[in-house]
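Visitor: In terms of numbering that gives the first Met the number 0, the sequence shown is residues 0 to 102. Cβ atoms here follow ideal geometry from the backbone N, Cα and C, with glycine treated the same way. Could you have a look at this structure, given as structure tokens, before my questions?
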Amino acid sequence: MMYSTKIFGLVASLVMLTNATPAAARTWAGPVHMDAACQEQNSGEWWQAIRSGNGANDWYCYNPRDGKTTPVDVGRFCRVTYGGNAYADPQGGGAFDWGCYYP
Numbered sequence: 000m001m002y003s004t005k006i007f008g009l010v011a012s013l014v015m016l017t018n019a020t021p022a023a024a025r026t027w028a029g030p031v032h033m034d035a036a037c038q039e040q041n042s043g044e045w046w047q048a049i050r051s052g053n054g055a056n057d058w059y060c061y062n063p064r065d066g067k068t069t070p071v072d073v074g075r076f077c078r079v080t081y082g083g084n085a086y087a088d089p090q091g092g093g094a095f096d097w098g099c100y101y102p
């Protein structure tokens, strides 16, 4: 009798796992273009995206005309480019791992 109870428990557990609702998947909105992000947020086509390292947050905007720098607002780029509820995610954390998604 003990053996059949264990089998029933195992089968019940497997049924629960296969019927589990999958986690909500986010929807890909599109890629991040760092130069475009810098130009849009600083209102000038001469702005460039420059990296100071290999991490996702090692980007900054640079204006070669006056030497000014500003942080890149990647979230703003996603919202402006792909719509108000799009958001930025650095995914793997590398400099080129950014993407825009919808919730």
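Using a Cβ-Cβ cut-off of 7 Å (strictly less than) and excluding sequence neighbours within five positions of V79, which residues of its own chain qualify?
Guide: E39
Visitor: What are the start and end residues of the alpha helix (DSSP H) that includes D72?
Guide: No alpha helix (DSSP H) contains D72, which DSSP labels as neither H nor E.
Visitor: In angstroms, rounded to a whole number, what distance separates the CA positions of R64 and G98?
Guide: 29 Å
Visitor: Measure the alpha-carbon distance for A87 versus Y61 and round it to whole angstroms.
Guide: One C-alpha to the other measures close to 21 Å.
Visitor: Looking only at its own chain, which residues have a Cβ that is under 6 Å from the Cβ of W46, when we skip the five neighbours before and after it?
Guide: Cβ contact annotation for W46 (same chain, cutoff 6 Å, sequence separation greater than five): C37, Q38, C60 and N62, in chain order.
Visitor: For A103, which residues of its own chain have a beta-carbon under 8 Å away from its beta-carbon, when the five flanking residues on both sides are left out?
Guide: Since the first and last residues shown for the chain are 0 and 102, residue 103 lies out of range.
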